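Protein chains in written order, with the numbering used here: chain A, 15 to 444; chain B, -12 to 543.
The C-beta atom is built at its ideal place from N, Cα and C for all residues, glycine as well.
None of these values were measured; they are calculated from a predicted model.
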Ligand code: SF4
Ligand SMILES: [Zn+2]
Ligand SMILES: [Zn+2]
């Protein structure tokens, strides 16, 4: 914040627009919209520009008609109170927003589900089945000598991965960053950022990513010194697979990177399990780690808070008064499809592009969200890291970043809204 | 203004030398006062005659917050299923036995008469998460110790032979930036060594890259903490966790402090000999003798109790080595941010397993052979030896020899034969239990207004109905007051309050940031200014907890 006194540019701003949470942005707060003037990426620029406005004139609505916030809170309280199973979905929130919704969901006897939980619960299942061996971004930046990207290019979702963590001008340990070896497993990926600063092309194992389980079992078989009959698994000669296995064995600190959201949903746990098998085999003799990236739209804020407060991951029902975890049964899409909920409350302060499900009767979101249909209750909220301070878990679980307040708005935060609804709910009960 | 009177209780307050004396206690606005002023009107009087009155208990080493605990929660839904906490009018629902949710942990601690809990392994980069979790742990006060010793910044300073003063500035900067109460070192230098593929590191063995030894790290950090005047000595999880024969490296660790104060944590896990047919034996006698002799040494036990638990440690070198013993078979091991690491391994201690049974006996031997209750602390290293909810059972083992011996008769016979436990006659008195669980932890953490009942103290007060069965007595206090508010009645939460956060803020030269800032820019994943947690932010991420800074008196 060195420039703040003299100019409208705020430095070292953390970005809440993807799971990388880059914290080197400079944002000009002088104009009508926030402008990223250093650091950042197109997604960050668009996010700060679109959401970084004062939202003058935005207000709450019931059935499309302007109402006071108090009336809107009371109406939501009434609805969740009378519902047998209110579902709180979306959950693109900062830590305090999630804390607020957790209070509400517990009091209302509902279920909380993040917009990426359909993938998230499958990743969690790996932790519950076998666990993991992983590392974090600063370790990758300084130690990684061989980086294997498994079915992801990372950059489609988090464009600054290579810039910030791979092609650095200097690392603490050998090798020099420019000498790092980059391997992509899977085709149809944006591999250009994997080219080293001195022009060395990455290695690409070009195959249909839906066949990742076969690719990983080939690698696991070779690492286990088991015979592989196919002379060219997935159309790639066995010698190249063997060379990759040998390179992994020879590497001092290899890293296998994945983004669960880039796997086919039905293969998420299968693939992560197989990656972990590779990692565990290699760690007998050298160091090798997984690096699961994700965390966009506050995915980790939601999953972390849920786990630490209640003990369980999301998709836990509070309907009976004690937490009951069932990630299949309590998926919001399933509950909606089966008609097991009559009240869907969409809460999203970080994302103003994702449409809530058609069944959402309450929408709590930034006013910049262009709704395809008017919900029964709409409550506009401010955005963490834009209008108010907050906390954001980075996708590697390595750090939590402080989010800044860059632009004033009259709108409440999601945490404030959730607390107000909870208070009304308790009035109704009392 | 609120004025409370507790009338006629049998007060046990070792910090003030009070042993079972009948006294009235007055509380005014959350503080204990000697007497009432003229205009004061008692707003609530509690007749506690015949009851035992102590200050609130303090757990100085319990893993209640931070990354690894949350991994354990996520990993173990099977742990939580049978231990739900139901929602009430005033409390939220939660669950979990060995890896409970923060809400369950806070309620249960309070219901057992604990009013302060300290998270001992805060990775500096992860301090925010730790404070958030502690902030969501209701009722109890919290605080933590920041982990150093495998962080590349310190190791590079040691290689560069920076002077002690500069290192002190860095250590102080870490305490400020992470809002913590002490410094912890875990497997000194070993977590870094593991990243370079070393699988063990003895006290005088060199880190393969830096050439630095654990002894150097211990000497430097214990001196830094001492010279900065941080009340709590360097908190040490020694080398060779859980390894047979590690008693030698534990004794070497004590020596490495060169007479300066040093606290050895979960010392039970570091008190193993390698004698006997199975090359595993008790080193408790040697350890207890060393503690008795070295007045600069304190220790908490990390008692093992039988049953299912989960081990969660910053010592990923050891946790990786132990992952084959996981039960159920799963484990998580992480390298973290050029600072540290962590490992989570579920484990089931079985009374018929020779090693587990001997671990149980070794912990009790240490408790009973260390003479000075001011220098040995009651912990299970929750959840590593057992969940904290087993404390009342542990108190019974310490206070009741016949109960202890009847338990000893049921464990693995070979382990029993290897232990001298049966011959140890000592039974802890209530006064000694109060020292171990209140007065001594407050003193060693520098919490001048906690752990005692003299005027000026915070009114964290527990009232027990005396019961010859000490387990029953300690598991369900009649009344618990937190900062003067009645929070528990008959072992149930009746009011939820928010605890405070305890920190230290030693003086230091801010010029150290000129070295730290470029390091962050070049090597770290965040900027220095986003790493630091300000006072305002702490209260924000702690959900509104009040910050209590404790004095440091510089010694250099
Ligand atoms: S990569 Fe992600 S976190 Fe970084 S600036 Fe772009 S959107 Fe923000
Ligand atoms: Zn430890
Ligand atoms: Zn511990």
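Which listed residue (the options) has its alpha carbon closest to that of residue i
i, options, result
"residue 82 of chain B", "B/76, B/90, B/75", "B/90"
"residue 175 of chain B", "B/40, B/244, B/428, B/51", "B/244"
"residue 178 of chain B", "B/79, B/458, B/135", "B/135"
"residue 222 of chain B", "B/212, B/216, B/229", "B/212"
"residue 176 of chain A", "A/271, A/78, A/233", "A/271"
"residue 486 of chain B", "B/521, B/442, B/533", "B/533"
"residue 204 of chain B", "B/523, B/225, B/453, B/464", "B/225"
"residue 28 of chain A", "A/139, A/439, A/326, A/402", "A/402"
"residue 125 of chain A", "A/116, A/410, A/261", "A/116"
"residue 202 of chain B", "B/190, B/318, B/433, B/354", "B/190"
"residue 258 of chain A", "A/399, A/111, A/196", "A/196"
"residue 173 of chain B", "B/165, B/108, B/167", "B/108"
"residue 394 of chain A", "A/404, A/378, A/407", "A/378"
"residue 432 of chain B", "B/415, B/246, B/377, B/250", "B/250"
"residue 286 of chain A", "A/100, A/234, A/244", "A/234"
"residue -1 of chain B", "B/479, B/218, B/419", "B/419"
"residue 133 of chain B", "B/238, B/376, B/162", "B/162"
"residue 324 of chain B", "B/355, B/33, B/54", "B/54"
"residue 186 of chain A", "B/140, B/9, B/43", "B/140"
"residue 542 of chain B", "B/493, B/511, B/528, B/502", "B/493"
"residue 373 of chain A", "A/364, A/431, A/391", "A/391"
Endpoints, the alpha helix (DSSP H) within which residue i is located
i, result
"residue 507 of chain B", "500 to 510"
"residue 140 of chain B", "139 to 146"
"residue 337 of chain B", "Where residue 337 of chain B is concerned, there is no enclosing alpha helix (DSSP H), given that its DSSP letter is neither H nor E."
"residue 308 of chain B", "303 to 309"
"residue 213 of chain B", "201 to 215"
"residue 403 of chain A", "It is not in any alpha helix (DSSP H) - residue 403 of chain A carries neither H nor E in the DSSP assignment."
"residue 412 of chain B", "Run containing residue 412 of chain B: none; DSSP gives neither H nor E here."
"residue 403 of chain B", "400 to 405"
"residue 164 of chain B", "151 to 165"
Residue span of the beta strand (DSSP E) that contains residue i, given as start and end
i, result
"residue 134 of chain B", "128 to 135"
"residue 101 of chain B", "101 to 109"
"residue 379 of chain B", "Note, residue 379 of chain B: premise wrong, no beta strand (DSSP E); alpha helix (DSSP H) at 378 to 386."
"residue 106 of chain A", "100 to 106"
"residue 383 of chain A", "Here residue 383 of chain A belongs to no beta strand (DSSP E), and DSSP marks it neither H nor E."
"residue 298 of chain B", "294 to 300"
"residue 277 of chain A", "Neither: residue 277 of chain A is in no beta strand (DSSP E) and is coded neither H nor E."
"residue 75 of chain A", "74 to 76"
"residue 18 of chain B", "18 to 20"
"residue 8 of chain B", "5 to 15"
"residue 416 of chain A", "414 to 417"
"residue 449 of chain B", "448 to 451"
Beta-bridge partners of residue i, as assigned by DSSP
i, result
"residue 303 of chain A", "A/269"
"residue 34 of chain B", "B/-6"
"residue 190 of chain B", "For residue 190 of chain B, which the question treats as bridged, DSSP gives no partner whatsoever."
"residue 422 of chain B", "Answer is none; residue 422 of chain B lacks a bridge partner."
"residue 265 of chain B", "Residue 265 of chain B pairs with nothing; no bridge assigned."
"residue 364 of chain B", "B/287"
"residue 221 of chain B", "B/249"
"residue 171 of chain B", "B/134, B/222"
"residue 539 of chain B", "Bridge partners of residue 539 of chain B: none, in fact."
Contacts of residue i in chain C (Cβ-Cβ under 9 Å)
i, result
"residue 438 of chain A", "The question asks about chain C, but that chain is absent: this structure's protein chains are A and B."
Contact test: residue i Cβ vs ligand 4 heavy atom, cutoff 7 Å
i, result
"residue 48 of chain B", "By its list of ligands, the structure shown excludes ligand 4, since it contains just ligand 1, ligand 2 and ligand 3."
Strictly closer than 6 Å from CB to any heavy atom of ligand 1: give me those residues in the order they appear in the chain. A/29, A/31, A/32, A/34, A/35, A/36, A/54, A/55, A/57, A/58, A/172, A/173, A/174
Please list the segments of the alpha helix (DSSP H) lying wholly inside the segment 148 to 205 of chain A, counting only runs of 4 or more residues, in order along the chain. 151 to 157, 175 to 179
Whole alpha helix (DSSP H) elements within the segment 202 to 261 of chain A, 4-residue minimum: 226 to 237
Quick one: which unbroken alpha helix (DSSP H) runs of 4-plus residues sit fully inside the segment 33 to 82 of chain B? Chain order, please. 54 to 62, 64 to 67
Threshold first: 3 residues or longer. Then list the beta strand (DSSP E) segments lying entirely within the segment 462 to 537 of chain B, N to C. 466 to 469, 472 to 476, 488 to 491, 534 to 537
Can you check the segment 229 to 263 of chain B for any alpha helix (DSSP H) of at least 4 residues that lies completely inside it and give the ranges in chain order? 234 to 243
For a minimum of 4 consecutive residues, which ranges assigned as the alpha helix (DSSP H) are wholly contained in the segment 317 to 379 of chain A? 346 to 351
What are the start and end residues of each continuous beta strand (DSSP E) run of 3 or more residues lying completely inside the segment 18 to 63 of chain A, in chain order? 23 to 27, 39 to 42, 49 to 52
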